[in-house]
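Residue numbers (the numbering used here): 3 to 79.
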């Protein structure tokens with residue numbers, strides 16, 4: 003039984019090496035771990051694209067109804 007004491011440190015070393023490799027892979031790709039939330043550059047652009055699509059649809063609805071264009075950014079005098 004005591005002749006195999008050296009196996010446990012080798013198993014622990016293999017587990018630590020595996021975690022090191024995983025950490026290096028995740029951090030080098032820029033994705034990060036699940037709990038880190040990732041980087042903005044790797045996220046989908048759907049959230050940034052959504053306001054543009056909503057604005058385009060709003061303009062199209064106004065055009066079809068015959069209403070004047072949206073003047074949110076202009077000064078109303």
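For glycine and all other residues, C-beta sits at the position ideal for the given N, C-alpha and C.
Alpha-carbon spacing of residue 64 relative to residue 56, whole angstroms: 12 Å
Going straight from the alpha carbon of residue 62 to that of residue 24, what length do you get? 49 Å
Using the Cα positions of residue 68 and residue 28, report the straight-line distance between them to the nearest angstrom. 53 Å
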